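Be aware that the sequence shown starts at 1019, since it is given in the working numbering, and climbs by one per residue. From the three backbone atoms N, C-alpha and C, an ideal C-beta is built for every residue, glycine too. All of these numbers come straight from a predicted model, not from anything done at the bench.
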Amino acid sequence: MTPAQSNDPQGNRADRRTFLASSTRAVAAGAVLGTAGMSSAVLARSVAPGGVHVTGRETIRVGLIGSGGRGKGAAGQILASTAANVNLTAIGDAFENRLEGSLKNLSESSPDKVHVGGDSMFAGLDAFKRVLDSDVDLVILATPPGFRPLHFEAAIDAGKHVFMEKPVAVDAPGVRRVLKAAERASEKKLAVAVGLQRRHERAYRETINKLQNGEIGELLVARVYWNQGSLWSIARTPSHTELEYQIRNWLYFNWLSGDHICEQHIHNLDVINWLMGDYPVSARGMGGRQVRLGPGHGQIFDHHMVEYTYGNGLKMISECRQIPECWNEVGEWVHGSSGSCNIGAGKFYDLKGNLTSDNGQQEDGHAIEQLD
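Structure (structure tokens):
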């Protein structure tokens, strides 16, 4: 994933780097943070039992489960950006070649903080178990999301603090498994954080607070977008089993990704759920495959449009698309009785479209996320 880069000299925005660093500091302080969920379920709890270190050791030991682009990026950000003493001590991935490449990259970027040897790097679909059996305090869960409920349950049962990427599941049974495991995490006072970083950005929080306090009057309609070009794919080779091929191309298969409403558009949908303090009660939509027609692109659609309705009658119009050479937009808008707001940019407008207030956020909201 390519995190959004802030151009705000006051540090008003939080990208993946600062979010991960602050999450690790919370673990070091012994805090309990639960944010388990897709856009349909977010828990937030905080218990601060003083400045107790995770284990009484001077160094937090981190294990990485899933060493693709997201996992490698998350681990690198924690090692580079966290004030606390943090070492990477175990790493696991389904594929040995990816494991070795990511470990080499992390070792070069943070040589003093990577302490992974031959007995603490694991390949195969059961690699997550071996990472959890090692002496780590915190695990990063960054495999394809279809595996997330299983891995999260196992991490909590093993008594590990967790940072996991969104989405936390690809279907309703998976979400229910995660919610049950989150309850156990709370009982055990384990820290859990999910990569829905917009909720942790000061500028987003300020904008949401203004909207909830009537900055543009009664909220009437919302618009959310994750429209971008096409994404990568890995060609099938004679050595690939069907399972390996699908896992390497996980974003194209529903059992692994949940399709791109779940995998990418979750960020935008979650912002409006946050704003409303509620979830939609109904949804009507359409979608299809316009350019990704061959079997190499699995089952997912390449475009969707959905109209969501909240209990108070507010409508949210949702678009997401992965088609090249089209209009691109990633962000959230809301319209009210006295004006409108570009939430991602922190800009407020009157009914004539004149700018009335500016929180100084990045104009385009967030950088396009490249699934990896």
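_Report the start-end ranges of each beta strand (DSSP E) in the stretch 1216-1262 that is 3 residues or longer and not cut off at the edges._
DSSP runs (the beta strand (DSSP E)) wholly in the stretch 1216-1262: 1237-1246.
*Answer with buried or exposed for V1045, where buried requires no fewer than 16 other C-beta atoms within 10 angstroms of its C-beta.*
Along the sequence shown, one-based indexing puts residue 1045 at 27. Low local confidence applies: a pLDDT of 46 at V1045 is under 50, so the model's placement there is unreliable, and no value is given.
*Quick one: what does DSSP say A1203 is sitting in, helix, strand or coil?*
Here residue 1203 refers to the residue found at position 185 when the sequence shown is read from its first residue. DSSP places A1203 in helix when its eight states are reduced to three.
*Using three-state DSSP, classify H1321 as helix, strand or coil.*
The count along the sequence shown starts at 1 and reaches residue 1321 at position 303. Of the three classes helix, strand and coil, the one that applies to H1321 here is strand, per DSSP.
_Going by C-alpha to C-alpha distance, which of I1361, L1373, Y1263, V1242 sits closest to N1227?_
Numbered from its first residue, the sequence shown carries residue 1227 at position 209. Answer by Cα proximity: I1361.
*asked:* Between the alpha carbons of T1374 and L1287, how many angstroms are there, rounded?
replied: The residue you call residue 1374 lines up with position 356 of the sequence shown. The residue you call residue 1287 lines up with position 269 of the sequence shown. Rounded to the nearest angstrom, the two C-alpha atoms are 25 Å apart.
_My output table needs one value for R1307: the three-state DSSP class, helix, strand or coil._
As a first step, residue 1307 must be located in the sequence shown, where it is residue number 289. Judged by DSSP in its simplified three-state form, R1307 adopts coil rather than helix or strand.
*Helix or strand or just coil, what does DSSP make of C1359?*
Translated into positions along the sequence shown, residue 1359 becomes position 341. C1359: strand per DSSP, three-state reduction.
*Taking all protein chains shown into account, decide if V1299 is buried (16 or more other Cβ within 10 angstroms of its Cβ) or exposed.*
The sequence position of residue 1299 within the sequence shown is 281, counting from 1. Under this definition V1299 is an exposed residue.
_Through-space distance from F1170 to D1345, alpha-carbon basis_ = Translated into positions along the sequence shown, residue 1345 becomes position 327. Translated into positions along the sequence shown, residue 1170 becomes position 152. Here the sequence assigns Trp to residue 1345, which means Asp is not the residue at that position. Straight-line measurement puts the Cα of F1170 at about 37 Å from the Cα of W1345.
*With 8 Å as the threshold, decide whether the Cβ of R1202 is near any Cβ in chain C.*
As a matter of chain content, chain C is missing from the structure shown, which is built from one protein chain.
*asked:* Assess contact between the stretch 1178-1186 and the stretch 1108-1127, defined as three or more Cβ pairs (one per stretch) separated by less than 8 Å. Is contact present?
replied: Segments in contact, no.
_Continuous beta strand (DSSP E) stretch holding L1366: start and end_ = Here residue 1366 is taken as the residue at index 348 of the sequence shown, counted from 1. Strictly speaking, residue 1366 in this sequence is Phe, with Leu absent from that position. Per DSSP, F1366 belongs to the beta strand (DSSP E) from 1365-1367.
*Please name the residue, chosen from M1139, T1327, M1323, L1237, that lies closest to C1359 on a Cα-to-Cα basis.*
Translated into the one-based positions of the sequence shown, residue 1359 becomes position 341. For C1359, the closest alpha carbon among the candidates M1139, T1327, M1323, L1237 is that of L1237.
*Among the residues of its own chain, which have a CB less than 7 Å from the CB of R1310, if the five just before and after it don't count?*
Position 292 of the sequence shown holds residue 1310. Result list for R1310: D1320, in chain order.
_According to DSSP, simplified to helix, strand and coil, what is Y1328?_
By 1-based counting over the sequence shown, the position of residue 1328 is 310. Reduced to three states, the DSSP call for Y1328 is coil.
*Counting along the chain, where does the alpha helix (DSSP H) carrying V1149 start and finish?*
Translated into positions along the sequence shown, residue 1149 becomes position 131. That run of the alpha helix (DSSP H) goes 1145-1151.
_Taking 7 Å as the limit between beta carbons, can you name the residues of its chain near F1366, skipping five residues before and five after?_
The count along the sequence shown starts at 1 and reaches residue 1366 at position 348. The beta carbon of F1366 is closer than 7 Å to those of E1233, I1234, G1357, C1359, T1374, S1375 in its chain, skipping five residues each way along the sequence.
*Would you grab the beta carbon distance between N1115 and T1225 for me? Rounded to a whole angstrom, and I think it's under 8 Å.*
Here residue 1115 corresponds to residue number 97 of the sequence shown, with the count starting at 1. Here residue 1225 corresponds to residue number 207 of the sequence shown, with the count starting at 1. That belief does not hold up - the Cβ atoms of N1115 and T1225 are roughly 43 Å apart, past 8 Å.
*Look at the Cβ atom of G1354, then the Cβ atom of A1221, and state whether they are nearer than 8 Å.*
Working through the sequence shown from its first residue, we reach residue 1354 at position 336. Working through the sequence shown from its first residue, we reach residue 1221 at position 203. No, Cβ-Cβ distance for G1354 and A1221 is not below 8 Å.
*Do you know how far the Cα of Q1264 is from the Cα of G1312?*
Counting from one through the sequence shown, the residue named residue 1312 turns up at place 294. Counting from one through the sequence shown, the residue named residue 1264 turns up at place 246. Rounded to the nearest angstrom, the gap between the Cα atoms of G1312 and Q1264 is 14 Å.
*Measure the C-alpha to C-alpha separation of A1101 and R1079 and round it to an integer number of angstroms.*
Position 83 of the sequence shown, counting from 1, holds the residue named residue 1101. Position 61 of the sequence shown, counting from 1, holds the residue named residue 1079. Those two C-alpha atoms are separated by around 14 Å.
*In terms of alpha-carbon separation, which member of V1289, G1316, Q1282, P1256 lies closest to N1272?*
Sequence index remark: in the sequence shown, residue 1272 carries index 254 (1-based). Nearest option by C-alpha distance: G1316.
*Within 10 angstroms of its Cβ, does D1296 collect 16 or more other Cβ (buried), or is it exposed?*
For the purposes of this step, residue 1296 is identified with residue 278 of the sequence shown, where counting begins at 1. By the neighbour-count criterion, in which a residue is buried when 16 or more other Cβ atoms sit within 10 angstroms of its Cβ, D1296 is exposed.
*Should W1244 be labelled buried (16 or more other beta-carbon atoms within 10 Å of its own) or exposed?*
Position 226 of the sequence shown, counted from the first residue, corresponds to residue 1244. Around the C-beta of W1244, 16 or more other C-beta atoms lie within 10 Å, and the residue is accordingly described as buried.
*Could you give the distance in angstroms between the alpha-carbon of A1145 and the alpha-carbon of S1138?*
Here residue 1145 is taken as the residue at index 127 of the sequence shown, counted from 1. Here residue 1138 is taken as the residue at index 120 of the sequence shown, counted from 1. Their backbone Cα atoms lie some 10 Å apart in a straight line.
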